[in-house]
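Chemist: Sharing a structure with you now.
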Amino acid sequence: MPAVTKPANQKGDFLVDYETKVFEDVKAAPGEKALVTFHTVAFEGSIGLVNLLQASRLIAKGFETSVLLYGPGVTLGVQRGFPKLGDEAFPGHLNFNNRIEKILADGGKVYACRFALQALYGHGEGALIPGVTPISPLDVLDIVLLHRKENAFILDTWTL
1265 MPAVTKPANQ
1275 KGDFLVDYET
1285 KVFEDVKAAP
1295 GEKALVTFHT
1305 VAFEGSIGLV
1315 NLLQASRLIA
1325 KGFETSVLLY
1335 GPGVTLGVQR
1345 GFPKLGDEAF
1355 PGHLNFNNRI
1365 EKILADGGKV
1375 YACRFALQAL
1385 YGHGEGALIP
1395 GVTPISPLDV
1405 LDIVLLHRKE
1415 NAFILDTWTL
């Protein structure tokens, strides 16, 4: 039987070179915009949190950043908590809320489709995280088209 000769990993060990960057650190030119869209369900995969983190990175790089929550994506923008709203039931439970609040505090804009909010998920506008702007379902395509016209960077997020 083969013998394992490598010592077990220890807390504090480095397993990869996390300092070497391959590509230049791209920054936005003045006035450049970015749009991150979400058609994904909260807590059903990592993409919701990962691309909210990407939205924060875009803001840090100087992009005027908007986030669009539509379809199941509106589930990222509702207030949550247990037993009361704002209470974190377990570590990471409020990751989406905290990240959206940070995006708003850092100057980003977050929009949520009213149709998905009510018709699909049974929430009213009062369920949204404060600062999230509810929009008409007719605005969902138009915000994308407006960003396209402005040559904005668009990151579309879809899960099934």
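The sequence shown begins at 1265 in the numbering used here and counts up one residue at a time.
Beta carbons are placed, not taken as given, at the ideal position from N, Cα and C, and that holds for glycine.
The model shown is predicted, which means the values in this text are computed figures rather than measured ones.
(1) Starting from the C-beta of E1414, find all residues in its chain whose C-beta is less than 7 Å away, skip the five residues before and the five after it, and write them out in chain order.
(2) Alpha carbons only, please: which of L1313, L1333 and D1289 is nearest the one belonging to K1426?
(3) Report the three-state DSSP secondary structure of L1299 (helix, strand or coil).
(4) State the beta-bridge partners of T1329 as determined by DSSP.
(5) Extract the residue ranges of the alpha helix (DSSP H) inside the region 1361 to 1394, only unbroken runs of 4 or more that lie entirely within it.
(6) Reducing DSSP to helix, strand and coil, say where T1339 ends up.
(7) Cα-Cα, which of P1401, L1381 and K1366 is closest to L1322?
(8) Bridge partners for I1418 per DSSP, in chain order?
(9) So, is F1346 buried or exposed, given that buried needs 16 or more other C-beta atoms within 10 angstroms?
(10) Is the distance from the Cβ of S1257 to the Cβ of K1373 below 8 Å?
(11) P1401 lies in the alpha helix (DSSP H); which residues open and close that run?
(12) Does the distance from the CB of G1388 to the CB of Q1382 come in under 8 Å?
(13) Leaving out five residues before and five after A1306 in sequence, what residues of the same chain have Cβ atoms less than 7 Å from its Cβ?
(14) Alpha helix (DSSP H) containing L1313: first to last residue?
(15) List the DSSP bridge partners of T1284.
(16) Just to confirm my understanding: we take P1398, look at its own chain, exclude 5 residues before and 5 after, and list those with CB closer than 6 Å. What are they?
Modeler: Per the coordinate set shown:
(1) Sequence index remark: in the sequence shown, residue 1414 carries index 150 (1-based). Once the five neighbours on either side are set aside, the close Cβ partners of E1414 are K1297.
(2) The requested residue 1426 is not part of the displayed model; the chain covers only 1265 to 1424.
(3) Sequence index remark: in the sequence shown, residue 1299 carries index 35 (1-based). Assigned with DSSP and collapsed to three states, L1299 falls in strand.
(4) Working through the sequence shown from its first residue, we reach residue 1329 at position 65. Bridge partners of T1329: A1298.
(5) none
(6) The residue labelled residue 1339 in the question sits at position 75 within the sequence shown. If DSSP states are grouped into helix, strand and coil, T1339 belongs with the helices.
(7) Here residue 1322 refers to the residue found at position 58 when the sequence shown is read from its first residue. The residue with the shortest Cα to Cα distance from L1322 is K1366.
(8) The residue you call residue 1418 lines up with position 154 of the sequence shown. For I1418, DSSP records a beta bridge to L1299.
(9) The count along the sequence shown starts at 1 and reaches residue 1346 at position 82. By the neighbour-count rule (16 or more Cβ atoms within 10 Å), F1346 is not buried but exposed.
(10) What the structure shows of the chain is the stretch from 1265 to 1424, and residue 1257 is not part of that stretch, so it cannot be assessed.
(11) Within the sequence shown, residue 1401 is the residue found at index 137, counting from 1. Residues P1401 to K1413.
(12) As a first step, residue 1388 is located in the sequence shown; it is residue number 124 there, counting from the start. As a first step, residue 1382 is located in the sequence shown; it is residue number 118 there, counting from the start. Result yes, Cβ atoms of G1388 and Q1382 sit closer than 8 Å.
(13) Counting from one through the sequence shown, the residue named residue 1306 turns up at place 42. The answer, listed in chain order, is G1312, T1339, L1340 and F1360.
(14) Residue mapping note: residue 1313 aligns to position 49 of the sequence shown, counting from 1. Start and end: I1311 to A1324.
(15) By one-based count along the sequence shown, residue 1284 stands at place 20. T1284 is not bridged to any residue.
(16) Stepping through the sequence shown from its first residue, residue 1398 is reached at position 134. Hits under 6 Å: A1376, R1378 and E1389.
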